[in-house]
Each structure stands twice: as C-alpha cells, then as structure tokens.
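Scroll down for the structure; my scribbles are underneath it.
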Amino acid sequence: DAGITQSPRHKVTETGTPVTLRCHQTENHRYMYWYRQDPGHGLRLIHYSYGVKDTDKGEVSDGYSVSRSKTEDFLLTLESATSSQTSVYFCATTGTTNEKLFFGSGTQLSVL
Amino acid sequence: DAKTTQPPSMDCAEGRAANLPCNHSTISGNEYVYWYRQIHSQGPQYIIHGLKNNETNEMASLIITEDRKSSTLILPHATLRDTAVYYCIVRSFKSNFGNEKLTFGTGTRLTIIP
Numbered sequence: 804d805a806g807i808t809q810s811p812r813h814k815v816t817e818t819g820t821p822v823t824l825r826c827h828q829t830e831n832h833r834y835m836y837w838y839r840q841d842p843g844h845g846l847r848l849i850h851y852s853y854g855v856k857d858t859d860k861g862e863v864s865d866g867y868s869v870s871r872s873k874t875e876d877f878l879l880t881l882e883s884a885t886s887s888q889t890s891v892y893f894c895a896t897t898g899t900t901n902e903k904l905f906f907g908s909g910t911q912l913s914v915l
Numbered sequence: 118d119a120k121t122t123q124p125p126s127m128d129c130a131e132g133r134a135a136n137l138p139c140n141h142s143t144i145s146g147n148e149y150v151y152w153y154r155q156i157h158s159q160g161p162q163y164i165i166h167g168l169k170n171n172e173t174n175e176m177a178s179l180i181i182t183e184d185r186k187s188s189t190l191i192l193p194h195a196t197l198r199d200t201a202v203y204y205c206i207v208r209s210f211k212s213n214f215g216n217e218k219l220t221f222g223t224g225t226r227l228t229i230i231p
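Going line by line, the protein sequences match chains A and B.
Residue 804 is where the first sequence starts when you use our numbering, and the numbers rise one by one after that.
Residue 118 is where the second sequence starts when you use our numbering, and the numbers rise one by one after that.
Set out below in structure tokens:
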C-alpha cells in the first residue's frame with residue numbers, strides 16, 4: 804500500500820554486527836514510523852519521523868537509531884545487533900494527522 | 118496516551134456478523150479510535166476510524182458509545198478471509214509538532230469458522 808517498499812525482506816546476521824533496514828515510499832508522505840512485532844507484544848513503536856531530519860524516539864528505541872535525509876527514505880540502524888532484536892520490523896507512513904497509516908510488508912530479522 | 122483493552126480471541130461463523138469490542142475508558146476528547154487488522158504476517162491494514170459518531174465504510178461499521186469509553190467494530194457478513202488479528206487503537210498527538218503516533222496493543226485474534 805501507498806508505494807512502501809522495505810528492504811531487505813529477510814535478513815540473518817550475527818550478534819555484534821551492524822544492520823540497516825530501509826523503508827522507501829513514493830507517496831511524499833511526511834510522517835514515517837518504524838515498528839517491531841514480537842509474539843505477545845503486538846506492534847511497538849521504535850522511532851518515528853515527522854519530516855526530513857526530524858525524528859523522535861518511540862517506546863522501544865534503545866539499541867536503534869534512525870535517519871531521514873530524504874522524504875522518501877527512512878533508515879533503521881542496529882549499531883550492534885543483539886539476539887533480543889530478532890523480530891519482524893514494519894515501516895509505516897502517513898501524509899497528514901487525519902489520514903490512515905499505511906504499512907510495508909515487513910522485514911524478518913534474525914540475529915544469531 | 119489512552120490505552121485500549123480487547124479480548125484476546127473470538128470466533129464467528131462464516132456469513133454472520135462479527136462484533137469486536139474495545140474498551141478505551143481513558144480516551145480524551147480529541148482522540149480518534151482507529152481499527153486495523155493484520156492477516157498472517159502481512160503489514161497491518163486500515164479498516165475504519167471515528168471520533169464520536171458511528172461510521173460505516175465498505176469494509177465495516179464502527180459503533181462508539183456516547184461516553185466514548187468503548188467501541189465495537191462490526192464486520193457485517195464475515196468471510197474466511199476476515200480471519201486476522203484486529204487492533205483497536207487510540208491516536209495520540211504531540212502538541213508541539215502535531216505529530217501522530219499510534220500505539221498498538223496485542224489485538225483480538227478473530228477466527229471465522231466455516
């Protein structure tokens with residue numbers, strides 16, 4: 804939906820390595836979000852962005868950083884991946900505060 | 118941010134109306150109620166949202182109580198493809214940026230029975 808592409812779709816990495824997930828949107832939406840989904844926890848907000856170079860922390864931001872140098876791209880970086888960061892990561896976007904949220908297809912990340 | 122409470126699971130017979138309840142007793146006056154669903158491991162999909170009036174679209178109806186402390190999502194004629202996890206969400210704002218930040222709980226797993 805809304806031209807959202809997440810890459811990679813699947814990633815297996817080792818503990819301690821850096822990992823970057825990419826969210827790309829073609830709708831010129833202002834707001835972008837990164838969520839993680841784990842069994843028993845639903846979707847939890849990691850970081851969000853309300854414009855280019857404007858970002859803020861969500862409820863589970865420890866161990867993650869983000870960057871938004873262009874409207875269309877929102878990057879999520881795990882500086883040193885840990886096994887507790889094994890999860891499914893979803894990117895979402897919305898154009899205004901009254902619009903619905905559009906989600907990407909997710910990235911399955913496994914940290915061994 | 119207002120929190121929501123939903124039953125963890127529900128069953129509904131195919132062809133019948135599925136009624137999914139949500140409690141949001143701490144909702145404030147300018148907060149909307151949103152419903153999303155997630156089928157298998159796909160990204161969540163928007164269904165409907167409302168403020169105080171009942172709403173209907175091609176997918177569902179949303180009934181919000183007069184005191185706005187609870188709501189019900191109604192799928193009028195459930196099909197097997199409606200089997201999914203349904204999330205009831207209250208939208209919050211950061212007033213200084215007018216930013217929207219949705220907080221998802223664990224939702225209700227709805228199973229449509231043939």
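All C-beta atoms in this analysis are idealised placements derived from N, C-alpha and C, irrespective of residue type, glycine included.
Pick helix, strand or coil for residue i, following the three-state DSSP scheme.
i	result
S864(A)	coil
S883(A)	coil
Q888(A)	helix
L912(A)	strand
R812(A)	coil
R133(B)	coil
L197(B)	helix
T228(B)	strand
K903(A)	coil
Y204(B)	strand
I'd like to know whether the C-beta of residue i is nearer than 7 Å to at least one C-beta of chain B.
i	result
K873(A)	no
L846(A)	yes
S913(A)	no
H813(A)	no
Taking the Cβ atom as the reference point for each residue, do residue i and residue j lie within a distance shorter than 7 Å?
i	j	result
F221(B)	G845(A)	yes
V207(B)	I144(B)	yes
V914(A)	T889(A)	yes
Shorter than 6 Å, the distance from the beta carbon of residue i to the closest heavy atom of the ligand NAD, or not?
i	result
Q162(B)	In terms of ligand content, the structure shown is empty, and the ligand NAD therefore cannot be addressed.
Can you check DSSP and say which residues form a bridge with residue i?
i	result
N140(B)	T122(B) and S187(B)
My understanding is that residue i touches residue j, with C-beta atoms under 8 Å, so please give their C-beta distance in whole angstroms.
i	j	result
R839(A)	S852(A)	Going by Cβ atoms, the distance from R839(A) to S852(A) rounds to 16 Å, so no, they are not a contact pair.
S188(B)	H141(B)	7 Å
Mind checking if residue i is an interface residue toward chain A, Cβ cutoff 7 Å exclusive?
i	result
Y163(B)	yes
T113(B)	In the structure as shown, chain B starts at 118 and stops at 231, and residue 113(B) therefore has no counterpart that could be examined.
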